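Residue numbers (the numbering used here): 1150 to 1401. Ideal Cβ placement from N, Cα and C applies to all residues, glycine included. Nothing here was measured: the structure is a model prediction, and the numbers come from that model.
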Ligand SMILES: C[S@@+](CC[C@H](N)C(=O)[O-])C[C@H]1O[C@@H](n2cnc3c(N)ncnc32)[C@H](O)[C@@H]1O
């Protein structure tokens, strides 16, 4: 299925519709960074791109256009990025150039068969990637293999038992990239079982409903005016496991 997944991501740029700036310009990358970190405001709180990885070797699997990898590099990490998609890697190179940064290595590669020796990186990061690959457990094993002993892996997959999955079914709204070949959602238990190669695993559900410019019409109005407020008024202990993003912080 890897050729189908590659073909899909070669013709799609994640969040492309959120900017009018010409593709590949500094304004384009800045708009997509703004949109991403507005939507995912939990991310820099949990992953301290600016201060947490200075001097470390970081591999991002499925780096896309390099939005997060640029943040790691700005924080002083020595970054390597791989993605199946040539389109993504070409844009990631432009992104680094637009920011006056130099990655150690950016290239197309399959996260299920990484072209790196064992025990190479201090950190391996894959945000929104494991759920789109052909054999998620194999990608996790490869991340573990290339990580140094004691190194940290950070993953994010989508939660099947989540508010967004339930809402999309009730409101008949499609999820982002729902048509991507190979997409699968995980329960927390399934995710934990897949992460068994790691000595330590901490799973944190994140991404709770916030008002969105993506949802339009009456469905958008109901979502933005009723659902977001009602959900966020519920006790945290009830809603916490229902986050759409399952972040995992793992130690080899
Ligand atoms: C939803 S996008 C996420 C991109 C980026 N991580 C982000 O959060 O913006 C999924 C990316 O994973 C990449 N991908 C999927 N399977 C992969 C694999 N086996 N190896 C490398 N990249 C993969 C796709 O090409 C695509 O760029």
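Residues in the same chain with beta-carbon distance under 7 Å from residue i, minus the five sequence neighbours each way, listed in chain order, please.
i: residue 1230; result: 1209, 1212, 1215, 1218, 1241, 1252 and 1255
i: residue 1270; result: 1206, 1207, 1208, 1295, 1296, 1297 and 1300
i: residue 1344; result: 1289, 1350, 1397 and 1399
i: residue 1238; result: 1232, 1255, 1256 and 1257
i: residue 1340; result: 1306, 1352, 1395 and 1397
i: residue 1154; result: 1233, 1281, 1282, 1283, 1330 and 1331
i: residue 1226; result: 1202, 1203, 1205 and 1207
i: residue 1346; result: 1289, 1290 and 1293
i: residue 1259; result: 1151 and 1233
For residue i, which residues in the same chain have their Cβ closer than 6 Å to its Cβ, ignoring the five residues on either side in sequence?
i: residue 1317; result: 1324
i: residue 1348; result: 1400
i: residue 1265; result: 1295
i: residue 1304; result: 1275, 1279 and 1397
i: residue 1329; result: 1157 and 1281
i: residue 1391; result: 1311 and 1312
i: residue 1248; result: 1219
i: residue 1268; result: 1297
i: residue 1377; result: 1358 and 1360
i: residue 1163; result: 1213
Using DSSP's beta-bridge definition, name the partner residues of residue i.
i: residue 1256; result: 1231
i: residue 1400; result: 1301 and 1349
i: residue 1209; result: 1230 and 1274
i: residue 1395; result: 1306 and 1354
i: residue 1296; result: 1270
Just to confirm my understanding: we take residue i, look at its own chain, exclude 5 residues before and 5 after, and list those with CB closer than 8 Å. What are they?
i: residue 1168; result: 1176, 1177, 1180, 1181 and 1184
i: residue 1150; result: 1283, 1330 and 1331
i: residue 1337; result: 1308, 1310, 1352, 1354, 1390 and 1395
i: residue 1199; result: 1193, 1220, 1223 and 1224
i: residue 1261; result: 1151, 1282, 1283, 1284, 1287, 1288 and 1291
i: residue 1186; result: 1192 and 1193
Every unbroken beta strand (DSSP E) inside the segment 1313-1356 [3 residues or more] = 1349-1355
At least three beta-carbon pairs within less than 8 Å, the segment 1348-1356 to the segment 1186-1201 | yes
Taking three-plus beta-carbon pairs below 8 Å as touching, is the segment 1267-1276 in contact with the segment 1170-1188?
-> no
Does the segment 1309-1316 come close enough to the segment 1243-1251 to have 3 or more Cβ pairs within less than 8 Å?
-> no
Counting Cβ pairs, one atom from each stretch, are 3 or more of them under 8 Å apart for the segment 1373-1392 and the segment 1281-1292?
-> no
Whole alpha helix (DSSP H) runs in the segment 1160-1189 with 4 or more residues, listed along the chain?
-> 1175-1188
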